[in-house]
Each structure stands twice: as C-alpha cells, then as structure tokens.
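Quick notes on the structure that follows.
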Amino acid sequence: MIKPIIQYPTTPSKAFDGVVRHYDEALYTLLQDLKDTIEANNLEALAAYQIGSAYTVCVIKKENGDFLECINPIIITKEGTLTPTEKTAYFPNLTGKTKRYQKIKLTYEDRTGKQHFLTAE
0 MIKPIIQYPT TPSKAFDGVV RHYDEALYTL LQDLKDTIEA NNLEALAAYQ IGSAYTVCVI
60 KKENGDFLEC INPIIITKEG TLTPTEKTAY FPNLTGKTKR YQKIKLTYED RTGKQHFLTA
120 E
C-alpha cells in the first residue's frame, strides 16, 4: 500500500531505532509498503521511518528494477568522503550537498532473518 511520506515541517521522531525481531507478515507488509511508496513517488530508496514505522528497515531500488531489502542494517566500515548533490523526500523539490562516505561495508538481514554483508561505493 502506498503510504504518505513524512515531510518538512514534520519533525522526524527520535524513537525510530526499532530492531526487527519477528520476520512475519507484519514485516512483509512493511517491505511491500516501502516498495509501493518508492514506485509511486519515483524514489531510489526509502527508510521505514520515512513512512512512520519505528523499525530499522530500508528498501533500495536497484538499477535493474529489483529491490534490495535491508533489515537491521549496520555500517561496519567506512572509507573516504565525497559530497554529492542529493535530494530527499523529506524536503520535496530541494537538492543539497551532503557529506557521504565513499565506500561502506555493512551487514543486514533479509526478510527471512539471514545475515548478509554488502560493500557499496
């Protein structure tokens, strides 16, 4: 289901750090809601807190159109910095330069709870 995206001036809650413990229908519904909302808003990625969920979940749309579901992601290592121009659904129609790491390695779980590692540049 397409969900409304939290946008400025609504202040994002500081309570959004809920670790996913149950890999069940509620999680699968959240993942599908994120995908539907990404598609409906022509986004590249979306975190659960952006649609009002407290869980630490994000979904990324890959170049081939598939989705990467990251549950309980944790950055393990980070290298270098760069400052790309980005946009965010929180501030629609605005872009800004944001400091990011050039390369990260993270661990995350898939929808079955299986742990994965990913290096992204």
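Mind the numbering: the sequence shown is residues 0 to 120 in numbering that gives the first Met the number 0, read in order. C-beta atoms are modelled at their ideal positions from N, C-alpha and C, and glycine is treated no differently.
The Cβ-Cβ distance between G79 and K102 falls below 8 Å. Between T106 and F90, the gap from beta carbon to beta carbon reaches 8 Å or more. A direct Cα-to-Cα measurement between D65 and A44 gives close to 12 Å. K60 and N41 have their alpha carbons spaced roughly 10 Å apart. Between A53 and I1, the C-beta gap is not smaller than 8 Å, which leaves the two residues out of contact.
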